[in-house]
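Enquirer:
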Amino acid sequence: MRMVVVTMFEIGKDEGDTAGEFQLWKTRRNLHQRIPFPHGFHDLYYNPDTQILGVVTGVGSVRSAAAITALGLDTRLDLSRAYWLVAGIAGIDPEDASIGSAAWARYVVDGDLAHEIDAREIPKDWKSGYFPLDRKGPDDPAPPRTDGGEVFALNPDLTEWAYRLTRDVALPDDPGIARERARYTDHPNARKPPFVLIGDQFSAMTFWHGSLLNRWANDHTRYFTGAKGQFVTSAMEETGTLQAIEYLSRIGRVDKDRVLVLRTGSNYTLPPPGVTAADYLLRENEGYAGLNASVESLYRVGDKVVTELLAHWDRYGKTPPK
3 MRMVVVTMFE IGKDEGDTAG EFQLWKTRRN LHQRIPFPHG FHDLYYNPDT
53 QILGVVTGVG SVRSAAAITA LGLDTRLDLS RAYWLVAGIA GIDPEDASIG
103 SAAWARYVVD GDLAHEIDAR EIPKDWKSGY FPLDRKGPDD PAPPRTDGGE
153 VFALNPDLTE WAYRLTRDVA LPDDPGIARE RARYTDHPNA RKPPFVLIGD
203 QFSAMTFWHG SLLNRWANDH TRYFTGAKGQ FVTSAMEETG TLQAIEYLSR
253 IGRVDKDRVL VLRTGSNYTL PPPGVTAADY LLRENEGYAG LNASVESLYR
303 VGDKVVTELL AHWDRYGKTP PK
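Quick note, my numbering runs 2 ahead of the 1-based positions in the sequence shown.
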């Protein structure tokens, strides 16, 4: 197999209704050969002509870790030279980008492995109740530990190549997301039409929201990447996915240097001026303002990379692009 497209959820059916992360890949890339996958969340779908495999892991890092481990150990599949495109929607930081925008990650930082004290009980000089394990508080300057799954660094050359290839892709826009963007009067990047950028992911099982937690995500990302990373998207699965891939790579089942992570903004990670975090989050739970645009952006940007890799497999099958 040459390409594994990893999605996390579908809204309803795999075809014919409102599209989640998987549907456009299945229909447009003709992934119609079903491969039963009872040891995972969702059956696999494959196109034997293009050798593209589609995966739906289920939501959350527990399901994604289990699904990718099961996939990598499945003796029916040879994934030793396959490229992996993790393609999902996300919350997006209005400091950096707008809903509908697409971010290629260099780093994925874990937001679950931490200490937490309820914010109502923290010392007055603390800016957050979350802080890294084995540290004395949120401002402890001790160097980060990076041996426990707190941060995953992707192949920087492959990520940069994917960004260069896709940075001029025209992304969908419509009056609905334009109205939502216009509310963010304090965030110039949030008001831009959707665009492609390089931006890192903060991965946590909690669906958080608000300016204070947004600051925590930014601080945590800077800390664990040695100030090299920039928090742009929030999601729930990649730490599980990348941990599984790292272990599978050790035994030669996959190649961790052939992994790309792409997330597109379906919603903002903090509310616009004049709206409380609670009100905005509860409204978003009824439907993300940028859902349709983010799903379409995900396919347009990701598919350009898939097309390029497959078109030059004689070269890229041997060595990842730079």
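Yeah, the Cβ is synthetic: ideal placement off N, Cα and C, and Gly gets one too.
None of the values given here were measured: they were computed from a predicted structure.
Going residue by residue through the segment 167-204, where are the continuous alpha helix (DSSP H) segments of at least 4 residues, counting only ones entirely within it?
Expert: Qualifying alpha helix (DSSP H) stretches, in chain order: 177-184.
Enquirer: Could you spell out the range, first to last residue, of the beta strand (DSSP E) harbouring ASN216?
Expert: First-last for ASN216: 213-226, but that is the alpha helix (DSSP H), not the beta strand (DSSP E).
Enquirer: Taking just the CA atoms, how far does VAL256 sit from LEU81?
Expert: Looking at the two C-alpha atoms, the distance is approximately 6 Å.
Enquirer: If contact is defined by three or more beta carbon pairs under 8 Å, each pair taking one atom from either stretch, is the segment 183-192 in contact with the segment 91-111?
Expert: At 8 Å Cβ cutoff, the stretches touch.
Enquirer: Secondary structure at ILE91, three-state DSSP: helix, strand or coil?
Expert: ILE91: strand per DSSP, three-state reduction.
Enquirer: Taking the straight line between their C-alpha atoms, what separation do you get for ALA237 and ASP51?
Expert: So the alpha carbons of these two residues sit roughly 32 Å apart.
Enquirer: Roughly how many angstroms lie between the CA atoms of PRO158 and ASP76, to the nearest whole one?
Expert: Each residue's Cα considered, the two are about 28 Å apart.
Enquirer: To the nearest angstrom, how far is it from the Cα of GLU118 to the Cα of LEU156?
Expert: For GLU118 and LEU156, the distance between alpha carbons rounds to 28 Å.
Enquirer: Hey, out of ILE247, PRO196 and VAL303, whose CA is closest to ASN269's CA?
Expert: Nearest C-alpha to ASN269: PRO196.
Enquirer: From the DSSP secondary-structure annotation, give me the bridge partner or partners of VAL8.
Expert: Note: VAL8 sits in a beta bridge opposite VAL57 and VAL88.
Enquirer: Excluding the 5 residues preceding and the 5 following ALA116 in the sequence, name in chain order all residues of the same chain whose CB lies nearer than 7 Å to its CB.
Expert: Excluding positions up to five away in sequence, the list reads TYR132, PHE133, PRO134 and LEU135.
Enquirer: LEU46 to PHE39, Cα distance in whole Å?
Expert: One C-alpha to the other measures close to 6 Å.
Enquirer: Label THR168 either buried or exposed according to how many other C-beta atoms from any shown protein chain fall within 10 Å of its C-beta, with 16 as the threshold for buried.
Expert: Result: buried.
Enquirer: Run the CB neighbour count on VAL277, radius 10 Å, all protein chains shown included, and call it buried at 16 or more, exposed below.
Expert: Counting Cβ neighbours within 10 Å, VAL277 comes out exposed, since fewer than 16 surround it.
Enquirer: Please state whether DSSP places THR208 in a helix, a strand or coil.
Expert: Coil, per DSSP.
Enquirer: Applying the criterion that 16 or more other CB atoms from any shown protein chain within 10 Å of the CB defines a buried residue, is PRO177 buried or exposed?
Expert: The residue is exposed, with fewer than 16 neighbouring Cβ atoms inside 10 Å.
Enquirer: Where does ILE101 sit, in a helix, a strand or coil, going by DSSP?
Expert: In the structure shown, ILE101 sits in coil (DSSP, three-state: anything other than H, G, I, E or B).
Enquirer: If the criterion is Cβ atoms closer than 8 Å, does the pair VAL263 and ILE247 meet it?
Expert: No, the pair does not count as a contact, with Cβ atoms beyond the cut-off.
Enquirer: Would you tell me roughly how many angstroms separate the C-alpha atoms of ILE13 and TRP128, rounded to the nearest one?
Expert: Whole-angstrom Cα-Cα distance: 40 Å.
Enquirer: Could you spell out where the beta strand (DSSP E) holding VAL25 opens and where it closes?
Expert: A small fix is needed here, since residue 25 is Gln in this sequence, not Val. Taken as a continuous stretch (DSSP letters only), GLN25 belongs to no beta strand (DSSP E), being part of the alpha helix (DSSP H) at 25-30.
Enquirer: Using alpha carbons as the reference points, say which of VAL303, LEU272 and GLY228 lies closest to TRP210.
Expert: That would be LEU272, whose Cα lies nearest to the Cα of TRP210.
Enquirer: Taking only the alpha-carbon atoms, compute the straight-line gap between SER296 and GLY139 and give it to the nearest angstrom.
Expert: In a straight line, the C-alpha of SER296 is about 36 Å away from that of GLY139.
Enquirer: How is ALA21 classed by DSSP in three states: helix, strand or coil?
Expert: Coil at ALA21, not helix or strand.
Enquirer: Compare the Cα-Cα distances from GLY228 to each of ALA105, PHE154 and ASP188 and report the closest residue.
Expert: Of ALA105, PHE154 and ASP188, the residue nearest in Cα terms is PHE154.
Enquirer: Since GLY2 is in the alpha helix (DSSP H), which residue starts that stretch and which ends it?
Expert: What is shown of the chain runs 3 to 324, which leaves residue 2 out entirely.
Enquirer: Tell me the start and end of each unbroken beta strand (DSSP E) in the segment 226-267 that is at least 3 residues and wholly inside, in chain order.
Expert: If we require 3 residues or more, the beta strand (DSSP E) runs fully inside the segment 226-267 come out as 233-237.
Enquirer: Here's the rule I'm using: 16 or more other beta-carbon atoms within 10 Å means buried, otherwise exposed. How should ARG317 be labelled?
Expert: Exposed.
Enquirer: Kindly indicate the opening and closing residues of the alpha helix (DSSP H) around ASP281.
Expert: Segment 279-286, the alpha helix (DSSP H) holding ASP281.
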